[in-house]
Structure formats: C-alpha cells, structure tokens
C-alpha cells in the first residue's frame, strides 16, 4: 500500500529562488542551499509593505466614511472567480502585480465598515481598535506564556478584570477566545465539569443523560456546542418564549421538572441577553432564582447584548446578570473591537477554568521558569496558539474612556429608537415587534400588497419581498441589511444599528431606499 | 433576590462625548442624543491611523531584520504593570498619549519576528502575509456567507484545493480554523460522527466507551480534545514511540486489540507528522495499514510538519499521508502566514463536514438567496464569526510561488542540518538525537560538568543549566529559544529554525551566546 510521496508532489519546473539576494563569496552550502546571510530582500519587502499600507489607507480607511462609495460590488461566484486571479502557481508574482491583486481584493470585498452596512451584528470602523490590530499583526504574538507575550497577557488580565466589574462580580476569571460560539462551548464544558469533574478523565460514556436548557430564540451555537461536546442536540431543551422573544421562566421550571422525571440530569441553563434575530433579553433574575432552586449553572450568552452593560441608561436590560456563573460577551459587536474579540467570563475564582482545561504541556508551561508562572495563562484555553484579542478592545477603551463607550451604546440605541418611530410613521413599513435593543425587525409591504387581506396569499407574497429587495440592493451596492424568516413569521428585514459613523440621515436613507427598490412589487 | 443593575454600574462622573463633532443646527434628538451626522471625527481618526502605521513601520517592520536590536526587553510582571499604563478610565486619552502607549506596547513586547527568536514553532516576518493581515483587519470581514465575504470565501476554497493537492488527494474538503488544537478537535468529532452519526443528536450517554490512539509524543491538544468532546482523557491511548519519537506500529496494533478485548470502541488513530518537541514523524504507511485493517479513521496532525509537503526533497517525511482521512496543517508555522493560519483537511467529499457540523441558522444561511448558497460555507464550522485566515497564506503563495515556498522549507532544513553539524563539532554541546526536521534538541554542558560521570548528580545539575541560561538570555535580550524536560530527559534546549531572515551567522551566534552565558556554570 505504500506509495512514493515524492512522485505525487504537484510541482514541476526547476527551483527558482524568488527571495534570494546575491550570495556571498565564501558561501556555506548544505544540501545545495546557501546559508550565508538572510535570503529575504528586506528593503524590497519593506517597500512593498509601505505601498500596500498606502493602498489600504486610501481604498479602505479613507473611504470608510464616504456614503457615496458602494457597500459592495456584487459579482456571482463563478464570475468573481474569473475576475480574480486566484490560482497559486509555481513561480511568484512581482510586487506591482501583487498590489493590483490587493486592489482587486478590496474592490470586490464587502465594505463592512461602510456607514450603510447593516447586515450583521458588527459594522463600522473604529480607528483605535484598527491600530491595535495592525500592531498585533506586525508583532505576531501568541498569548500563552508571559515569556513570549508579556504585554498582551497583562492587557488581557486588565480587560477581563474591568469586564468582570461591569458584570457586577467582585472577582472572577475569564479568557478571550475565537467567537461567541466558542465562549458558549467553554461555558457548557465548565458547567459540566462543575457538575461532575470526573467527566474530564472518564468521558460521558455510561453516565445518565445530561440535559441543558436554553430559550427557543437562543443562538444556534448552543446546538453546535451540545453536539461537539458529546452531549447531543436532543439534550438541548428549548424553552418557550413570550411574544417579545424572552424566555418564559415558568416554562423553564416545568421543563426542568419534566427532565428530572424522565431520568435526565439537568446541569445548565443558558439565558440569552440580546437574541440574534429579535434582540430580546431573557429575564435573568427570574431565571437565576430557578437555577438557584435547582442547583444549575447559569450561563448568560450576552455576546450581542453585553455591550449594554457599558450604558447606565440601558444596562437594566441585563438586570440580574451578576447572578450568572458565566457570561459570554463580544466587544467586537456593538463596541467595534474588530472580528474577533470575545470573552468568556467566569464568576468562580477557585481556578475552575484551569482545572477544567489544563493539560500541563511541559514544553510550554515549565514550572521551573524564573518568573511567576501564574501569568502563563495559556493552559486555561482549548487553543494552543491564541491571538491577543483583548488588546483591540483595550485600545478603544483607552481612547474613548468608559464614557465614550457608553456614548456609543446610547447613540446606537437612540438611532434604533429613531428608526422605529420612522417605521411607524411611514406607509408600507410594519414593525414585527417593539424592539428592546438595536435589532429593528420590520416588513416592507409593497404597494400591490397594501390593500390585501393578511391571509395565506398575503404572507406567501410578502415572503418574497425581502429577498427580492435584498438582491436589488446588493446588485446596486447601495446598502446591506439582513432578512430572515423566523418562527412562523415570513421573511422580514433585520436592521442593526451600531456604528458612530451612522446618522439619522442613514436611517432615512435606509427606508427611502427600500421603498425605492420595492415600490414596483 | 433581584438587584438593581443600574446601581452597580462602575461608572461615575458625567457623560462626556469623546467622539462628538459639533452638533448641527437642526439637531434631531432622541433620548438626549443628537442623531444628525456621524459622531466620529473621521479626519482625526484617519490621521491617528496614519501616525500609528508610521510607528509600526519604524519600530516593528524596519527593525525586524536588525540583529543589533534586542529580542525582548524583559521585565517581571509586577514591574511591567507599573511601567505600562494599563488602567481603563472613565475618560479617554488624547492621540499623542495613545501613540506613546503604542510605543510602550511595542517596546516591551517580544519581537517574534527578530532573526534570533527561536522560541516557538513560528518566527520571522513575511512581508506578504503581513500585508494580507493588514488588509483583512481594515476590511474586517467574517467568513460565513458569500454575501458578506465573497472574495475571502473563494480564496479559502482555492487554498484548500491546493493544500489537498499537496496532500495527494484527488478531492477533499476542509476549513480554516483558529489553531491546530481546534483542527484536531474537528477531526476527532468528524471521526466520531463517521463512526456513529447518531452521536450528533443523542450524545455519548449510554454508548460504549469510545477510544482513540495517538503517540506518546503527540501534541497535548489530543488530551484537551478528548476532554472537551466528552470522550475523556483516559480514553486517549498513548502508543509507545521508538528512540526517535516515532510511533511504533506494532504497539499500536497491540493496543487496539487490547481495547477491543476490554469492550471499548476504537474509532480513531491520530498520527503526528512533526512532533512538538522532537520533530518526529510517525510512519504513516504502516499506521494506515493498521487503520485499514481495523476500520479506523486516520487523522494526521501535521500542524508542524505539514509544510514539508511543499518540498520535493523533504515531503518523504510524510510518506503515506494521502491515505489519511483528515489532516491538520498550520501554514502559520514554517510557512510564516501569521498567527493563526490553520487548516483541517478532509478526504471525504460526501459533505461529511457539513453534515457533522451544520445547525442551519435561518438568519444566516437562508436558502432563498439569489446566488448559489453552496458558497455559504459557514455552517461547516463550529464558529459563527470566522476570520479569513486562508487569505494570508494565499498572498504569500502568490508572491513566492510554490517554488519560493519550497525554497523556504529547504533552507530552514539545511540551516537545521548546519546547526546539527556545528553542535557535533563543539565542545560542551550534546545532541539529544539526530533530528529529522527543524527541531534541534541539545544540551549545553558547562565546563564544570564536562568531566563528571553521567550519573544522577550529573543529570540533576544539568537540569538547571538550560533554565539558568534561558533566564540570562532573556534578561540580556540577545536571543530566545525554548527548553523543556521530556520523557525522562532533563531540561534541554529546543532550537527551531524557520525564517528566511535567519542565516548561518545566527546559528553560530546561537551556540556562541549559549556558551558565553553558561560557561561560568
């Protein structure tokens, strides 16, 4: 069955030293390779970086605030493949050609920092986090040991401490990780470890069926997590929500009793603060009461809504969050720290994270180092290499101060309010529900449907309106916002307001443009 | 039990609009917030970005090739906290102060791109991937749907296809993800899904004990994965290795039989191509034979060694890799794509990744979009937001061509060879073993120990040599390389050669410097 891998190497032609600078006189050769001096032409490389930075500045940063630029330059996949020179070849491309490629990549990429990009739960351009991101890319650290990442580990510690303070805990622990989905996985595993520490070594085999509870409006990562962690998606119990998308506490308690009766082992309740579609906030205090009564870990997925904690006016949306055992909070969303900046925060201070996750790699976490190795926090992570994501948020926080961050949240929510009132005023627009947060869900009802009775035919026709308008806006490049069907409701728009570059004028434009694109339907 | 979250908000003082530009005459106010126009002062922000870019260019990029710069500016944690102004306050800092902070962050950060940083399995500065990283930070995409990330999804597809070609598969699938550890988790879950698809819904409860096999020299992420996935660390069976750190196939087969006899359910063998400490390559062909006989999924953790596939000379290290079911390969290591750039590659083309991972979020993966939604690959991921890591590798590949990448690998391995020969020549240096790859493991034996018999006292004394020299080199800032004890061997140095900025002169310096720092011991 053995085969010669050499034969399969998809390379042909002679080796050609792209990077080679002229070799020295007294060359040291090993295996035919000259080992004297570096082979990189640093001067040329530096010049390339400088030119590319200029391009990025001109084509991305300076245009980010210009509403006359297109949000996207739509091309269907097969056509875009033709337009871009994606092939990787045996020989490299010269710098001027690479710069053209960079220009193309920028041209055909969606401008997520455009003031009229409202498509996801992130948007806009934060100059401070951008600088932090450029710095970390240049420094290329990995955050596992103090020895290789002293500054970024201390920054992470400081940021976690501050976030913990805003949750309302006296102390706690935490870790930045690649996404709210991963934060939720961390929490699920922690809750499981707390419930039965033996699972770390023994696994789930032979144990009773573990079961967890979350709202029917929760993020889809709860299912992914249950599947990944070997718990199984059928053991995620979805609790009914009220008309505004909030978990009904009485239903939660009923389901817990029911699960126990069936012999399952409840171990976790996950509440959501800011659901993905409706922006709903579960009643944390009532849920915390139930968790206390039943001895269950309370995790709050505040990936989206956590930023409201920065605002004295709006933090009441998360009333009771200090009673959670763990919280997921993504500053890359409303606080604009850049994809990705996500913290899992844990109330426990008995080193639960470390106990649950450590594997004690002796090549990384040597105990005979000359400094305090409690700063080598990498063993708390499921990752080995890890990016310094806390630093992006830290830079913005330093630049704006807590008050500046609060201002951003307040403004995003005030703009949302403004949009809601405009939707109510305008003919052909219909709110799905009165929003609590920055998700404004609404239908656009084109003229031909305005007189129709709201029966099956109406809904069927309305269902194609948002996708059609979305297609038109993308092809025009004027605007991007999301749409989806949701729990029996036909396709509606979900508008998300985040960036301080956005103004009332953009809200007006949004409604005008939807009307313009859909009024013939 | 309820408490007023407003009361707990750790903010005091009056709101102060850091970002506010002068409000317009006919202001629209909602909740006391002016909604006209953007509140960000774009001009000032752009200027800040420009100044910071200049700083990054001068202090990081231009200094990266300068061996006269220090690798690190060591400060112990408590002292560094004093030196850095880490506190986040209510009010923000002016731009000139932020630039000072940036300068401090750079100053006290370890220069992982310094030619004498040999501490981890990544190093050096690749100008092309750096540009790609700056671009993606500025564009801030998330790679889940074609609609928001058209270019980066196509780039990922192209890069995966090319990597699959180099593995020697005719077709396949894959996904970039945040780290080799996560790749290994993906593979473990895929193998489990293939073994028993019901586990996705039902979980592991009530199932027989699943068991997997990996070498005693494998990466510590295998244990983390087994724990996280609910399999349990006790169900990771560590197979004995030979004197060079390679898995012994006969031992593997014995253990599989033994596990079956004990009623456990074997489902996965993980071979390692390039172990973390010794750089050993497991015999893939022999292991693949065993996996075929027993119907087991073969995953190859080539996170570190995968880059040898780019070299016609060295790809034989991975002979048989085309027989794997999945492969982890991190271009951020020897191919210098920047932390993180990690692919999990899967031979299956029946959409196994998607079947195993999908959760079908209706707000993201709408099926009524106007384009071919097979390009919306985000549902194959455990993440929701995901960074465009493939793009960094793509840019370098475009710049250097396959031949340039091959050249890098060949040169790193030739330099390793050179270092090995020098170590053999020099008094006081002792190789741990003849390396196969770019990990050169050796002891420095200071003069006082050179005449001593190799008994317990000798080893005890030798054990403190590497940590002491490491402390001295970090305090001096001249060089960084790792050390560890390993499987009964006392602390030794592990030198890793990667970057094309490194030369023979740096190898000589390394040995001279260690001797200089340790000769009084």
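Residue numbers (our numbering), protein chains in the order written: chain B, 9 to 529; chain D, 9 to 529. For glycine and all other residues, C-beta sits at the position ideal for the given N, C-alpha and C.
Cutoff 9 Å: residue i Cβ touching any chain D Cβ
| i | result |
| --- | --- |
| residue 526 of chain B | no |
| residue 544 of chain B | This structure leaves residue 544 of chain B out entirely; chain B is present only between 9 and 529. |
| residue 488 of chain B | yes |
| residue 443 of chain B | no |
| residue 54 of chain B | yes |
| residue 61 of chain B | yes |
| residue 2 of chain B | Outside the modelled stretch of chain B, which goes from 9 to 529, sits residue 2 of chain B, for which no answer is possible. |
| residue 402 of chain B | yes |
| residue 88 of chain B | yes |
| residue 502 of chain B | yes |
| residue 104 of chain B | no |
| residue 274 of chain B | no |
| residue 421 of chain B | yes |
| residue 470 of chain B | no |
| residue 406 of chain B | yes |
| residue 434 of chain B | no |
Under 9 Å between C-beta atoms of residue i and residue j
| i | j | result |
| --- | --- | --- |
| residue 185 of chain B | residue 389 of chain B | yes |
| residue 393 of chain B | residue 490 of chain D | no |
| residue 81 of chain D | residue 65 of chain B | no |
| residue 136 of chain B | residue 476 of chain B | no |
| residue 467 of chain D | residue 510 of chain D | no |
| residue 515 of chain B | residue 427 of chain B | yes |
| residue 517 of chain D | residue 470 of chain D | no |
| residue 508 of chain D | residue 287 of chain D | no |
| residue 126 of chain D | residue 504 of chain D | yes |
| residue 183 of chain B | residue 212 of chain D | no |
| residue 167 of chain B | residue 494 of chain B | no |
| residue 328 of chain B | residue 282 of chain B | no |
| residue 492 of chain D | residue 391 of chain B | no |
| residue 1 of chain D | residue 92 of chain B | The displayed coordinates of chain D run from 9 to 529. Any statement about residue 1 of chain D would go beyond what the structure contains. |
Residues sharing a beta bridge with residue i, DSSP
| i | result |
| --- | --- |
| residue 311 of chain B | Bridge partners of residue 311 of chain B: none, in fact. |
| residue 344 of chain D | Answer by DSSP bridge pairing: none, since residue 344 of chain D is not bridged. |
| residue 352 of chain B | B/183 and B/336 |
| residue 247 of chain B | B/223 |
| residue 491 of chain D | D/501 |
| residue 279 of chain D | D/308 |
| residue 447 of chain D | D/504 |
| residue 274 of chain B | B/219 |
| residue 125 of chain B | B/488 |
For residue j and residue i, believed in contact at Cβ under 8 Å, the rounded distance
| i | j | result |
| --- | --- | --- |
| residue 260 of chain D | residue 244 of chain D | Actually they are not in contact, since the Cβ atoms of residue 260 of chain D and residue 244 of chain D sit about 13 Å apart, beyond 8 Å. |
| residue 354 of chain B | residue 180 of chain B | 6 Å |
| residue 216 of chain B | residue 273 of chain B | 5 Å |
| residue 395 of chain B | residue 151 of chain B | 7 Å |
| residue 68 of chain D | residue 146 of chain B | 4 Å |
| residue 349 of chain D | residue 400 of chain D | 5 Å |
Minimum Cβ-Cβ distance from residue i to chain B less than 9 Å
| i | result |
| --- | --- |
| residue 82 of chain D | yes |
| residue 264 of chain D | no |
| residue 227 of chain D | yes |
| residue 245 of chain D | no |
| residue 431 of chain D | no |
| residue 95 of chain D | yes |
| residue 510 of chain D | yes |
| residue 30 of chain D | With a pLDDT of 44 at residue 30 of chain D, under the threshold of 50, the modelled position of this residue cannot be trusted; read the value that follows with caution. For residue 30 of chain D, the answer is no, since every Cβ of chain B falls outside 9 Å of its Cβ. |
| residue 223 of chain D | no |
is_contact[residue i, chain A] using C-beta, thresh 9 Å
| i | result |
| --- | --- |
| residue 281 of chain D | Given the protein chain composition of this structure (B and D), no chain A is represented. |
Contact the segment 199-208 of chain D vs the segment 196-203 of chain B: 3+ CB pairs below 8 Å: no
Any contact of the segment 291-306 of chain D with the segment 406-425 of chain D, i.e. 3+ C-beta pairs under 8 Å? no
Below 8 Å, how does it come out for the segment 366-386 of chain D and the segment 148-168 of chain D: are there three or more Cβ pairs, yes or no? Three or more Cβ pairs drawn from the segment 366-386 of chain D and the segment 148-168 of chain D lie within less than 8 Å of each other, which places the two stretches in contact.
Would you say the segment 223-240 of chain D touches the segment 361-368 of chain B, given that touching needs at least three Cβ pairs under 8 Å? yes
Three or more beta-carbon pairs under 8 Å between the segment 113-120 of chain B and the segment 355-364 of chain B, yes or no? no
Could you check whether the segment 416-426 of chain B touches the segment 35-46 of chain D, counting it as contact only if at least three pairs of C-beta atoms, one from each stretch, sit closer than 8 Å? yes
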